[in-house]
Amino acid sequence: MCVTGGAGFIGGHLVDALHSLGASVCVIDDLSSSSLEHLDELLAMEPERVSFVRGSILEDAALRDAVRGASVVFHLAAIGSVPRSIEDPERTWQVNATGTMRVLQAAKAAGLERVVYAASSSAYGDSPTLPKVESQVPAPRSPYAASKLAGEHLVSAWSHAYGLSGVSLRYFNVFGPRQPADSAYAAVVPSFARRLIAGEPPTMFGDGSASRDFTYVANAVLATLLAGSARLRTSGEVVNVGTGRRVTIREVAQMIAERCNKPGLSPTELPARPGDVQHSLASLERAKELIGYAPAISLEEGLTETVAWYMRVLAKA
Ligand SMILES: NC(=O)c1ccc[n+]([C@@H]2O[C@H](COP(=O)([O-])OP(=O)(O)OC[C@H]3O[C@@H](n4cnc5c(N)ncnc54)[C@H](O)[C@@H]3O)[C@@H](O)[C@H]2O)c1
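Residue numbers (my numbering): 362 to 678.
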């Protein structure tokens, strides 16, 4: 197996799962928004089953090395974050769109069986229809969303034109242990957890009435494994990966505050950011039908695990 972006947050959890299932895994990552901190242990423990190519998916030679001998490539490498893409749309496009094409070309040349692409719920934009169904017309509102949507179209085109079996998983707001909490682009859950653990009120963009389908990382990994192993032939289908439940930003802040033993700390408001959408909720019908996915871990359980992890790690820092 090859995992692009395997040093990152979701990629790292996917590598753990593949490794514990007995698979051999090669990770390619340029470490531009991650480090080897987590993978180092696996690389030292299992050098014959876990390998690492430090390089960009934009470099053909590095990619060739990474996919050699693999049957499936899980393509997660990307420049994440909507606000970052608004600041640097060019780099976002290069890595997320052109980079995806390079991964597909490498997979085709190496004769791989399947490409599983980490797509994004941001493709839906702000259409009021809920839940989001894959047949809806996409409406990207940021360079990030547009670049991730382009990746889906590339996966579909390479499936049809070259017979490369591909599938695009639209992840909905994934959270869990090891998601970066300290960057300016930190996602909602880690950013709230970090501030609450420090005894400060979390800061939210907008009035907190926006809602999200927060997906615990183990659920995203489960769907990703199912998509990689499904016997059926995929030809670029798009599949939502969420939980089918949404909570508001204000509600999730309260749930995190309770787990941090700071139930009285309510969030402070900052102006809403461009590119952010108001509501998000996944329809899981296609995921169930095509890859047999249903979430295994509830939001409450996921948040409990996640907050416990941040408490341990931030206490050490
Ligand atoms: N986290 C979410 O909620 C979410 C939601 C929807 C989609 N996704 C998608 O899932 C994937 C993983 O997201 P994540 O949250 O783990 O992000 P992440 O930033 O932790 O992981 C991305 C990894 O890609 C690597 N990378 C960036 N540019 C690269 C390049 N040119 N070559 C090689 N590696 C490169 C980074 O160093 C990082 O390790 C991404 O494709 C993202 O767009 C994530």
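Quick reminder that beta carbons are idealized off the backbone N, C-alpha and C, glycines included.
Chain-order list of residues whose beta-carbon lies under 6 Å from that of residue i (same chain, five-residue window excluded)
i: Ala591; result: Ile652
i: Trp670; result: Pro538
i: Arg445; result: Tyr546
i: Ala571; result: Ile610 and Gln639
i: Gly567; result: Ala633
i: Met462; result: Leu515
Where residue i falls: helix, strand or coil (DSSP)
i: Thr585; result: helix
i: Phe566; result: strand
i: His399; result: coil
i: Lys469; result: helix
i: Lys649; result: helix
i: Asn601; result: strand
i: Ser627; result: coil
i: Phe553; result: helix
i: Gly527; result: strand
i: Asp377; result: helix
i: Ala368; result: coil
i: Ile558; result: helix
i: Arg592; result: coil
i: Arg410; result: coil
i: Thr461; result: helix
i: Asp543; result: coil
i: Arg620; result: helix
Residue j beta carbon less than 7 Å from that of residue i
i: His374; j: Val578; result: yes
i: Val414; j: Asp426; result: yes
i: Val638; j: Asp487; result: yes
i: Ala605; j: Ala643; result: The residue asked about is misnamed: residue 605 is Gly in this sequence, not Ala. Result yes, Cβ atoms of Gly605 and Ala643 sit closer than 7 Å.
i: Tyr478; j: His436; result: yes
i: Ala542; j: Pro551; result: yes
i: Ser482; j: Ser641; result: yes
i: Val602; j: Leu530; result: yes
i: Leu424; j: Ala471; result: no
i: Val535; j: Ile371; result: yes
i: Ala368; j: Leu400; result: yes
i: Ala458; j: Thr365; result: no
i: Leu510; j: Pro492; result: no
i: Cys363; j: Ala422; result: no
i: Tyr523; j: Lys469; result: yes
Contacting residues, own chain, Cβ-Cβ under 8 Å from residue i (five flanking each side not counted)
i: Thr595; result: Arg475, Ser520, Ser526, Gly527, Val528, Ala588 and Leu651
i: Gln497; result: Tyr485, Ser488 and Thr490
i: Glu646; result: Val494
i: Pro563; result: Ser552, Phe553, Arg556, Leu557, Ala614, Ile617, Ala618, Leu626, Pro628 and Thr629
i: Glu661; result: Met616
i: His380; result: Val386, Leu403, Glu407, Arg410 and Val411
Residue i Cβ short of 6 Å to ligand 1 heavy atom set
i: Phe575; result: no
i: Tyr546; result: no
i: Gly369; result: yes
i: Tyr478; result: no
i: Ala438; result: yes
i: Asn580; result: no
i: Asp401; result: no
i: Ile558; result: no
i: Gly441; result: yes
i: Tyr654; result: no
i: Leu418; result: It should be pointed out that residue 418 corresponds to Ile in this sequence rather than to Leu. Within the cutoff, so yes.
i: Tyr532; result: yes
Sequence-distant residues of its chain with Cβ nearer than 7 Å to residue i (five each side left out)
i: Ile658; result: Tyr577, Ala579 and Asn580
i: Leu583; result: Tyr654 and Ala657
i: Lys649; result: Ala655
i: Arg620; result: Leu664, Thr665 and Val668
i: Pro501; result: Ser483, Ala484, Gly486, Ala507 and Leu510
heavy atom of ligand 2 below 6 Å from residue i C-beta
i: Ser412; result: As for ligand 2, it is missing from this structure, which binds only ligand 1.
CB contact check: residue i to chain B, cutoff 7 Å
i: Gly527; result: This model lacks chain B altogether, as it is built from one protein chain only.
Using a Cβ distance threshold of 8 Å, determine whether the segment 446-459 contacts the segment 394-411, with at least three qualifying pairs required. no
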